[in-house]
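Single-structure report; data block below.
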Amino acid sequence: MISEKESNSYRLTSMEEPTDEMLAQIMHEAAEIYREEHEDTKKKVINMIREASNQAAHKYQTLYGK
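Residue 45 is where the sequence shown starts when you use the working numbering, and the numbers rise one by one after that.
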């Protein structure tokens with residue numbers, strides 16, 4: 045595994061090609077960020093569905109008294 049300093053020193057705009065190790069580290073970090081963002085988004089969607097379901101149930105109870 046490469047050091048954080050080495051990882052941070054490489055920029056995609058660099059004229060140098062990244063080493064396989066650097067590229068693997070970059071891809072690993074990108075995948076980790078994606079997983080975290082995906083999990084946050086999934087939780088938000090689930091909460092939105094629950095809220096919509098609760099609102100629909102409340103509206104039904106209000107209209108039909110059941």
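Note that CB positions come from ideal geometry on N, CA and C, so glycine has one too.
Just so you know, these numbers come straight off a predicted model, no measurement behind them.
In the DSSP assignment, Thr85 falls within the alpha helix (DSSP H) that extends over 64 to 108.
Burial of Gln69 is indicated by the presence of at least 16 other C-beta atoms within 10 angstroms of its C-beta. Between the alpha carbons of Ala96 and Glu73 lies a distance of about 35 Å. Look at Glu48 here: in three-state DSSP terms it is helix. The alpha-carbon of Lys86 is positioned some 29 Å away from that of Gln105.
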